[in-house]
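Residue numbers (the UniProt record's numbering): 1 to 596. Every residue, glycine too, gets a C-beta built ideally from N, C-alpha and C. These notes concern the structure reproduced below.
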């Protein structure tokens, strides 16, 4: 664990380096002091020997020489005087194990005998044969074939060397302790800013770009902290810029009415918006595919277009019919410089546009069809009058009556077209007023009672008024009543019924016109409020039941203008119920004329 820390690594490195240097230095110092002590001991002993030899050469009194020798020598050494006549004198010593000089040493050490024979000084370390003691011995010759030998044990020098070693080891230990302390102190000073930078870097990875590293020094670490803080500011700036750009792009894609799908080369869907998700969900439903998040299948049409875009390097256009809706899909390549890294598909729901296009064509055809019949009749009967085909006044009056009826029919058709055009253009004007419902509805029922009797139908009314009056435009609502009741009577067979139910509360006015007539096929229900739309496609079911196909469209526009709701419920051959609701709460608070 310690090697994972900068403090540990730096401290141990400094400790090992200093320890190695101190170890090498201690070895050299010990060797140096050992050699120094031996050299100094030999030098002192040689000086002692020289002094004694000088006295011995100048004095003949051997007792004086020996007493002087005892005073000059060191207590731990011995002095051996070999007089010219062969007499050997050895001094005393405080070292108990240091033996007296033995003539046998000359036999073992030729250099000792050379001092007398060749008058040559000697300095030598020898091992005594009696007790194997290591000694240092120096010798200097006398003038008359004698010699002075001074020797002492190496144990004294070893003790001095041991004391020196203790001092060196103690100094090294103190140096190591101080080194360890300063190494930890120094590494802590270095690593503390690094630890703060590591914590700051960890905060940056979590998105906390406001994190600042304290600048504690003015050295390289301080410069690193300054650059780190500058890097955090730049990262925050660029991340915010990228986030804003991403959010802007995401908002644009999400708010698009068209579906957007971004694909990579492998066909993985990277980005989709809500309309695209709806399209893909409908595709899965139609193809009976159950898809999870881990396994999303790219629709076949998109996959084929993607391969075409990648292979041909150009946009691809597809028309897709799905769940009764028409989609147009345009896919264009996405480039990474010159390499196609994927594609983006824009999917537009063209159902409403196609429906409006069909309605426009049908409108022209319907208007042409509706006008062609009365125009043909007008032309034919007028030609009959002009050509005097009708001879009697009765015949001419009958033909004129037909021409008059057809002209009224044409006028009604044109007026209805103008009304619906004004309503859809927003030019309709409502005259909202308080209307007594009972008298208003009774008057409408009386108007249709004769028509119902002629068709052998039962026309009935039920009223439920918590408030007797309601706010609406009486002329426009009477037009709605007229269209709905007239439709109910015309599409109900003999002995059937048409029932009008009117309810009025403070919140709303509810009206329902129910019949048990032929009904409307289920597939035609979504289109009954379109202009010129007729469930009876042949238009020839009953000549007495002809209509322009505009009544329900006009009624819906009138109810919409009143901020109401017009609904239809029907079953084929069982009957139909048209109902509408007109809100009353706002009108009662602020009764006024509403213009639209």
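Restricting attention to 468, 277 and 335, the CA atom closest to the CA of residue 439 is found in 468. Excluding five sequence positions before and after residue 328, the CB atoms of its chain that fall closer than 6 Å to its own CB belong to 319, 348 and 350, given in chain order. For the 9 Å CB-CB criterion, residue 385 and residue 399 form a contact. The continuous alpha helix (DSSP H) containing residue 162 extends over residues 154-205. Within the DSSP bridge table, the entry for residue 123 names 138 as partners. Per DSSP, the continuous beta strand (DSSP E) segment holding residue 499 begins and ends at 497-504.
Secondary structure remark: continuous alpha helix (DSSP H) runs of at least 4 residues inside the region 421-478, in chain order: 437-454. Residue 561 sits away from residue 389, with the two beta carbons spaced by 9 Å or more.
Per the DSSP secondary-structure output, residue 78 pairs in a beta bridge with 151. Proximity to residue 501 across 394, 512, 491 and 258 peaks at 512, based on C-alpha coordinates. Note that the C-beta distance between residue 268 and residue 302 is not below 9 Å.
Exclusion of the five residues before and after residue 264 leaves 270, 341 and 342 as the residues of its chain whose Cβ lies within less than 8 Å of its Cβ. The closest CA to that of residue 176, considering only 21, 334 and 97, is found on 21.
Excluding its 5 nearest sequence neighbours in each direction, residue 104 has no C-beta neighbour in its own chain below 6 Å.
Membership of residue 63 in the alpha helix (DSSP H) is indicated by the continuous run 62-72. C-alpha of residue 457 to C-alpha of residue 577: approximately 16 Å in a straight line.
In this structure, residue 444 lies near residue 481, with their beta-carbon atoms less than 9 Å apart. Around the C-beta of residue 471, 16 or more other C-beta atoms lie within 10 Å, and the residue is accordingly described as buried.
Judged by DSSP secondary structure, residue 527 falls outside any beta strand (DSSP E); it is assigned neither H nor E. The DSSP assignment places 316-322 as complete runs of the beta strand (DSSP E) inside the region 288-334, in order along the chain (cut-off: 3 residues). A residue is called buried when at least 16 other Cβ atoms come within 10 angstroms of its Cβ; residue 403 meets this threshold and is buried. For residue 256 and residue 311, the gap between their C-alpha atoms comes out near 29 Å. Distance from the Cα of residue 10 is smallest, within the candidate group 133, 184 and 52, for 184.
Rounded to the nearest angstrom, the gap between the Cα atoms of residue 215 and residue 236 is 20 Å.
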